[in-house]
Structure formats: C-alpha cells, structure tokens
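So the sequence shown is numbered by my numbering: it starts at 23 and just counts up by one.
Here is the structure we will look at, set down as structure tokens.
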Amino acid sequence: MHRSHKEPPLARTLVALVAASFAPLHHALAQSAPAGGESARLAPVMVTAERRVEDIKDVPSAISTLGGEGLDVINSGGQDIRMLSGRVPSLNIESSFGRAFPRFYVRGLGNTDFDLNASQPVSLVFDDVVQENPILKGFPVFDLERIEVLRGPQGTLFGRNAPAGVVKFESARPSQKPGGYFSATAGSENSLNLEGAWNLPLSGVLAARVSLQTQHRGDWVTNTNGGPTSSLEGFDDNAARVQLLWQPRKEFSALLNVHGRHLEGSARLFRANIIQPGTNDLVAGFDEKKIAIDGINSQKLTGSGASLRLRWQLDGLTLHSITGFEHVSSFSRGDIDGSAGPYTFNFATAVPGTVPFPSESADGLPRHQQLTQELRLESNDKGPLNWLAGVYVFDERITVDSFDYATLNGNAQDGYAVQHQKNRAGALFGSVNYAVSERLKLRGGLRYTDDRKDYDAQRFVSPIGGGATGLITTNPRAKDTSWDLSGTYAVSPDANVYARVATGFRAPSIQGRLLFGDEVTVAGKEKVLSYEAGVKADLFDKRARVAFSVFQYTVKNQQLTAVGGDANFNRLINAEKTVGRGAELDLQAYLSDNLLVGLGASLNDTKIHDPNLSVQPCGLSGCTVLDPPNAARPGTVFIDGNPLPQAPKTVLTLTARYGIPTASGGEWFVYTDWSYRSKINFFLYESVEYTGKSLLEGGLRLGYLWGGGKYEAAVFARNITNQIRTVGGIDFNNLTGFINEPRFVGAQFKAMF
C-alpha cells in the first residue's frame, strides 16, 4: 500500500526535550557522590571542529572523538577505515570495492553510488585537506592524534559536500621530543601488521616525524572452480607519512606533510545466490571461506600527496595558509555475477537460485589530480568578540575507465567506456563568536560557494551490441550560500546546553557509466536545513562525561542513486524531500578507579517524501519487492516513505576496560568493545532479500603493560562471535551478496620509546 507521512516537525520541541533531559542530569550532579576512589579522572578532550582548538564541551554541535587506546584496539586486526563504522553514534561505513572505496553515512545521509567520480554528503578531511574523491577516503589509519566525527551540516567552515557531516583526521605532529613507537601484530590467515613512528629533532627550530605502516593478509577464500583467480581476500597495504615542522620563532611555523600508499589485493567478493529466497537469511551450508567464480579478481591502488600548512601569529590575528595536493590511481576488477555458472541465458524463465548470464567488469582511475588552497585569517582577541574569515579554491581533474570482459571467451575485454571530469570550486566564508556574558555565547557563520563541473563521456566498445557513442557532455554549475547559528549556555561550570540551526549543500553530481546504456544523468544540487539541540556535561568531579543531542533535518532535492535493477544501469535522481530525526548519546565514566566504560547510542529515522518518485527494483534475481508498483511506469515501484539505504535506525557501541595493577608496577588488563547496528536496506526500494539483518560485532583484548606503560603485550579477537551477515547486494542478475569480516584472532606487541 502506498504510504504517506504527516508528522509534526520536531524542531519546535527540541529545546523542551533538552531541558527535560537536563533536569535529571543536574539532579544527579547535585545529589550523587563519585563512586570509588578519587584519583581516576577523565582528561579534557580538545577538538578543532570549529577550526579553533576548543574543549569539546564548549562546541555547540554533536561531536564524537576516537583516539588513543580505543582506536588502537579496533585497528589491531589490520582492517581498513570501515572499522570505524558504528564506533560512534550515527556513523555507518560500507564499501562494494573492499579496502579502496569507503562510503560514509552520518545520521542516515550517504551515497550508495560506486562510480569513481561519485560525490558523498559526508566530507573527509585529513590534516586540514579535504579528500574529495572516494578512493582518497580509504587512506590507512595510523599514527593519529585523534579522529573527530562532526554530525550535522558543516557547510560554513568545511564547505560543499558536507551536508551530513565531516569525519576529520589529525595526524600526530613532529615535536622536539625524541621518541616514537613500534607495533607488531600477527594473526589469522598469515596476517602481519607492522606500524611505527619516530620523532627526529633536527635542530632547535626543525623537527621531523616519520610514520610507517604495512599490512599483510594471506588469501583465505578458496575458489572451488580453480582459476583464473584461485584464491582471494589477501592483500598487501603499505603507507607512509613524513612530516617536517619548521618553527624559527614562536610567531611562525611551517608544517610539510608528504604521504603515500600502495595497495595490492582482492577486489570485493560478490557471492552468487547466498541469500535464501523469500528471506534475508544466508543459504544453508554457506561457507565464507569458499567461493566458485570464473572471472578474474584483482585490485591495485597507488596514491601520493603533500600539504603545506603555514601559520603566522600577528598582532591580535593569526593567518593560516593550507595548500594541498593529492593524486591517486586505481584499478579494480571482479566477477560481478559471483558464480562459475552454469548460465541459463533464459531470461523469461529466470528464477531465484539460477544465474542467467555472466558479468565481469572493472573500473579504473588512471588519472586523478586534486589541488586545494585555503587562506584563513582569525582573531585571537581575549575580548567578547572573535571572528575568522577565509577564501578557498578547489580544482580536481579525473579520468574514469569502465571495462567489460567476456567471461566465456577467455575473460577477454569486450567493452570500454571513458569519462572525464573537471571540478572547480571557490568559496568565501566567515564566522563570528560573541560572548554575551560569561554564561551565554553565540556563534554564526556564512559561506558562499560557486561549484562547476565540465564533463564528457564516450563508449567505444559495447559488450551488448550497442555500438559506440558520440561524445556526451554536460556542464552543471551551482552557487550556494550556507549558514549556521548556534548558542551555548553554561548552566554550571561543568555543564552546557546548546542549540544549533545550520544549512549545507551538495553540488550537482554526474553519472555516466555507458557500458550498458546511452544516458548520462545529472542530479541537481541538494540542500539541507538542520535543527539540533543538546547538553554536554562533566559529572561526578570529572569521573564521567555525557553528551546528548536531538535533531531534525530536511533535505530538499536530495541526490539519490538508483543502482542496478532490472535495467542493470545506474541513474542519478533527485527526491523532492527527505526528512530525518533522531537522538544521540555519548557517555564515558569511571565506575571505579580500575573500570572505565563508554557508551554510544543513536536513533535515526529517515524517510523519503516524494509521492511521484519510482525506481526499477531487482531484475533477474527475483527478489520479493515490498513497494507498490507504478502503473504509469511499468517495471518501477514507488519509494515514497522508504528509509534511506544503509541507514540503520539504531547504532549502539559499548566499551569497557578493567585494569589490575601489579606489585611490580605493571598492569594486567581486559578490554572489550561491542558495536551493534539494526537492519538496513541495501537499495532505495524495499525487498525481503535485500534487507540486511542487524549486526553485532564484539572484540576482546587481554594484555599486560609494564615499564611505566611503555610496553604492552596482548592477545585479542575481533568479531569474536563470528557473526556473518550480508552487508550489501547486487540485484540485476541473481541473489548476490557480500559479507562482513569474519572472526580474526591475533597477538600484538607495542613499545613506546
């Protein structure tokens, strides 16, 4: 039955909800005494979410951070950046490319598009430089000071393509203090992960930091069909970062960052007919260590980049210059039908469990270049008024190759298309902070952006007899003014309440995968308006810290990707409106001097509102579609009222660390971490088979620290219950799915120098 929704806006009740939530919190603060001893305290968390160094409690928006031991624990299994998924409220990360192309979702907003020129509404910023292309966003996680997850529109200070939020990485910087660390991990499937960093004071004004990581995993999936790729899922992923800090005087510093990555391994494994028809269960007897395919599987990526950050301390002002350069090339080839046949080639009688036709393809990024420049001037007056203003320029040029291969003809290439895109953007921005009183502080910001893309695409060889095309071009352009307003009120020295209203936008996107169609689609710019309110407090004499927020947002003209379906063709579309609302909780507390716990929780309710929007559902896979058909467009179904894809309603994360000091000054410890997300839709339409089950993954770590905390030895397991779920699917051929990482066990030694 077609659905309609007429909920009253949540924005009118935000302040009332926060006030109600704060009342019992304030009562607990006044009435409860700290548990246990008095020595354990939570250290302040400093962030740069507003482009200034501030205590996280004073920033009027929802922010979570990851760093230190907690980040080291979830990174110990040699996973890629997807390990961060579900580790903070409202964050989901997935990929149909494996380690090379992560897709980020915050508060349900993301993009399932897998094209190499796809844009995302979650921006990733690494050391103050935006990583625009999705391939750049997979850079390995190592030697970091912290990760900041900024939820909600960040259009003022971080610019376009951040209407959902920003994931911000800060590398550990060079210093004049010599030393570093080394970590070695060995584990399942012949895995070996080595990581280390070293500070090198070169003179009184010059220091360097060298950071290295190498990750290896052996192939652990056997192709029971034999060749042409007999074993899969292994990889070698190497990365390095060298930083040079020159500070000849207190008023000036220059930080040079040069980094690179080289990855070789398996592309994402698509597994044919692993979903039981009529359910979203895995088929009986499913074995994650076996697959039968007749296509070639490979993946290779090489990237490099550099940035130069200059800072001048002037009289009452600070000037920043941030120059960034990024380059990456990649090639990923896979067996998309996920099988070795037999192929029926009888499309009229295709049923679940059969494989109608072979599909083997590849995507390449042979050319990529990104240049960015930001100049930012900020006041550092101690008075009530402070401000910052800046200018930003972005230039990106890419070439995308699309290939198809004849699996039954020796895997020979039988299709080729190419895309070229130039993206140039410029922005002027500024923000003002004003302290009305010691307790009340107001902030506001404004950003004007002009974004333009010059695009062309052409098919040279068609795998289905469609012939070559001429050159197809398009040149979308968008101008936008984003803004935000917020206020913070200090209820007490340890507790703040805040409210924020903000806008953001995503520039037009282009999709032109011409191998199986002749159409280039353009999605116009999307615009988001978000309301948020919350409370942040230190409790029980800083033995606990809590942050709670409620929010509502409306996305107008949201860009969506109609993936695959009966036509086996991707199209960009715009939905009239999408509404999201929810709540988020971050809590850390010492329950005793030896027991530290952390809890994160989020509720996200997203709904597409467009009574006229319909898409093609699954093709020959024969899935059970739950949406009503559109009689005016046979073969399509309405998606009005559906949740956004890859947008779980509930995300929960729990960590606990218990330490047992020894008489010799060491410490035995146990650390456990758990992450849960509720069910998800893989696509815009709803179906039984392509609804991913809820997923619960847990980790356990047992170890010993000695030498004043300088040395650590530990054994650990990731996904200790070995819960296996489909986390994505391919819907145009058969009931194809791909799965999460199975259980991983290992041992780690870490030394600080």
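Glycine residues also receive a C-beta, built at the ideal position from the N, C-alpha and C atoms.
Can you tell me the Cα-Cα spacing of A372 and V188, whole angstroms?
-> As a first step, residue 372 is located in the sequence shown; it is residue number 350 there, counting from the start. As a first step, residue 188 is located in the sequence shown; it is residue number 166 there, counting from the start. Approximately 44 Å, taken between the alpha carbons.
In terms of DSSP beta bridges, what is N221 paired with?
-> As a working mapping, residue 221 is identified with position 199 in the sequence shown. Partner(s): G201 and R231.
Can you pull the DSSP bridge partners for Y477?
-> For the purposes of this step, residue 477 is taken as residue 455 along the sequence shown, with counting starting at 1. Paired residue(s): Q443 and T496.
Enumerate in chain order the residues of its own chain whose CB-to-CB distance from L234 is below 6 Å, with the five nearest sequence positions on each side excluded.
-> Here residue 234 is taken as the residue at index 212 of the sequence shown, counted from 1. If we look at L234 and ignore the five residues flanking it on each side, its Cβ neighbours are G218 and A262.
Any contact of the segment 371 to 385 with the segment 327 to 346, i.e. 3+ C-beta pairs under 8 Å?
-> As far as the Cβ criterion goes, the segment 371 to 385 does not touch the segment 327 to 346, which means the pair count is below three.
Rounded C-alpha distance that separates I752 from F292 = Here the question's residue 752 lines up with position 730 in the sequence shown. Here the question's residue 292 lines up with position 270 in the sequence shown. When rounded, the distance between both Cα atoms is 8 Å.
The segment 304 to 323 in contact with the segment 350 to 362 per 3-pair CB rule at 8 Å = Because the criterion of three Cβ pairs below 8 Å is met, the segment 304 to 323 and the segment 350 to 362 touch.
Helix, strand or coil for A45, going by three-state DSSP, please let me know.
-> As a first step, residue 45 must be located in the sequence shown, where it is residue number 23. In this prediction, A45 has a pLDDT of 36, which is less than 50 and means its spatial position is unreliable; what the coordinates show is noted afterwards. A45 sits in a helix when the DSSP states are folded into three classes.
Which first and last residues belong to the alpha helix (DSSP H) in which D94 is found?
-> Position 72 of the sequence shown, counting from 1, holds the residue named residue 94. Here the alpha helix (DSSP H) through D94 covers G90 to I96.
Given E286 as reference, the closest of T366, S98 and A122 once Cα atoms are compared | Position 264 of the sequence shown holds residue 286. Selection T366, S98 and A122 evaluated against E286 yields A122 as nearest (Cα-Cα).
For Y520, which of I78, P639, S83 and P143 has the nearest alpha-carbon?
-> One-based indexing of the sequence shown puts residue 520 at position 498. Minimum Cα distance to Y520 is reached at S83.
How would you label N431, buried or exposed, when you count the other beta carbons within 10 angstroms and need 16 or more for buried?
-> Walking along the sequence shown from the start, residue 431 turns up at place 409. In summary, N431 is exposed, with fewer than 16 beta-carbon neighbours lying within 10 Å of its beta-carbon over all protein chains present.
Is T503 buried or exposed, if buried means 16 or more other CB atoms sit within 10 Å of its CB?
-> As a first step, residue 503 must be located in the sequence shown, where it is residue number 481. It is exposed - the Cβ of T503 has fewer than 16 other Cβ atoms within 10 Å.
Excluding sequence positions up to five away, which residues of its chain have a Cβ less than 7 Å from the Cβ of L625?
-> Here residue 625 refers to the residue found at position 603 of the sequence shown. Residues G604, A605, K671 and T672 of the same chain have their beta carbon placed closer than 7 Å to that of L625, with the five preceding and five following residues left out of the count.
Apply the 10 Å Cβ neighbour rule to P406 and answer buried if 16 or more other Cβ atoms are within range, or exposed otherwise.
-> Here the question's residue 406 lines up with position 384 in the sequence shown. Burial check for P406: the Cβ neighbour count within 10 Å stays below 16, so the residue is exposed.
Determine, using beta carbons only, whether N664 and Y707 come nearer to each other than 9 Å.
-> Numbered from its first residue, the sequence shown carries residue 664 at position 642. Numbered from its first residue, the sequence shown carries residue 707 at position 685. Yes, Cβ-Cβ distance for N664 and Y707 is below 9 Å.
Which residues mark the beginning and the end of the beta strand (DSSP E) in which T366 is found?
-> The residue you call residue 366 lines up with position 344 of the sequence shown. For T366, no beta strand (DSSP E) segment is defined, and its DSSP state is neither H nor E.
How many angstroms separate the CA atom of N762 from the CA atom of I297?
-> On the sequence shown, position 740 is the one that residue 762 refers to. On the sequence shown, position 275 is the one that residue 297 refers to. Straight-line measurement puts the Cα of I297 at about 14 Å from the Cα of N762.
Could you check which residue in V585, V601 and T600 has the C-alpha nearest to that of L594?
-> In the sequence shown, residue 594 corresponds to position 572, counting from 1. The residue with the shortest Cα to Cα distance from L594 is V585.
At what residues does the beta strand (DSSP E) containing T491 begin and finish?
-> Counting from one through the sequence shown, the residue named residue 491 turns up at place 469. Per DSSP, T491 belongs to no beta strand (DSSP E) and is neither H nor E.
Look up P1 in the DSSP assignment and give the residues it is bridged to.
-> Here the chain covers residues 23 to 775 and nothing more, so residue 1 does not appear.
What first and last residue would you give for the beta strand (DSSP E) that runs through L423?
-> Against the sequence shown, residue 423 aligns to sequence position 401. Here residue 423 turns out to be Asp, not Leu, going by the sequence shown. Where D423 is concerned, the enclosing beta strand (DSSP E) stretches over L407 to A428.
Length-filtered (3 minimum) beta strand (DSSP E) runs lying within the segment 273 to 345 = Listed in chain order, the beta strand (DSSP E) elements of length 3 or more contained wholly in the segment 273 to 345 are 274 to 287 and 320 to 335.
So the beta strand (DSSP E) G768 belongs to, where does it begin and stop?
-> By one-based count along the sequence shown, residue 768 stands at place 746. It spans F766 to M774 - the beta strand (DSSP E) in which G768 sits, taken as one unbroken run.
Mind reading off the beta-carbon distance from S351 to P388? Whole number of angstroms is fine, and I expect it under 8 Å.
-> Mapped onto the sequence shown, residue 351 falls at position 329. Mapped onto the sequence shown, residue 388 falls at position 366. That pair is a contact at about 6 Å.
Simplified DSSP assignment, three categories, for R121 | Within the sequence shown, the letter at position 99 stands for residue 121. Residue state for R121 is assigned as helix, using DSSP reduced to three classes.
Could you say if the segment 503 to 513 and the segment 473 to 480 meet the contact criterion of at least three C-beta pairs nearer than 8 Å?
-> No, the segment 503 to 513 does not touch the segment 473 to 480.
Residue range of the beta strand (DSSP E) that includes P388 | Along the sequence shown, one-based indexing puts residue 388 at 366. Note, P388: beta strand (DSSP E), E382 to S401.
Residue burial classification, I486 (beta-carbon count within 10 angstroms, cutoff 16) | For the purposes of this step, residue 486 is taken as residue 464 along the sequence shown, with counting starting at 1. Here I486 is exposed: its Cβ has fewer than 16 other Cβ atoms, across all protein chains shown, within 10 Å.
Name, in chain order, the residues that DSSP records as bridge partners for K190.
-> Here residue 190 is taken as the residue at index 168 of the sequence shown, counted from 1. Answer is V147 and E170, bridged to K190.
Contacting residues, own chain, Cβ-Cβ under 6 Å from L609 (five flanking each side not counted) | Sequence index remark: in the sequence shown, residue 609 carries index 587 (1-based). When the five nearest sequence neighbours on each side are left out, the beta carbons in the same chain lying within less than 6 Å of the beta carbon of L609 are those of V568 and L621, in order along the chain.
Length of the line joining the Cα atoms of N592 and G750 = One-based indexing of the sequence shown puts residue 592 at position 570. One-based indexing of the sequence shown puts residue 750 at position 728. Straight-line measurement puts the Cα of G750 at about 16 Å from the Cα of N592.
From W690 to T646, what distance separates their C-alpha atoms?
-> By one-based count along the sequence shown, residue 690 stands at place 668. By one-based count along the sequence shown, residue 646 stands at place 624. Between W690 and T646, the C-alpha separation is close to 52 Å.
Would DSSP call S54 helix, strand or coil?
-> As a first step, residue 54 must be located in the sequence shown, where it is residue number 32. For S54, the pLDDT reaches just 36, beneath the cut-off of 50, and the residue's location in the model is therefore unreliable, although a value from the coordinates is still provided. Of the three classes helix, strand and coil, the one that applies to S54 here is coil, per DSSP.
Collapsed DSSP secondary structure at K558 in the structure displayed | If you number the sequence shown from 1, residue 558 lands on position 536. Per DSSP, reduced to three states, the secondary structure at K558 is strand.
If S401 sits next to R465, beta carbons under 8 Å apart, how far is it from one beta carbon to the other, in whole angstroms?
-> As a position in the sequence shown, residue 401 is number 379, starting the count at 1. As a position in the sequence shown, residue 465 is number 443, starting the count at 1. About 14 Å separates the two Cβ atoms, so there is no contact after all.
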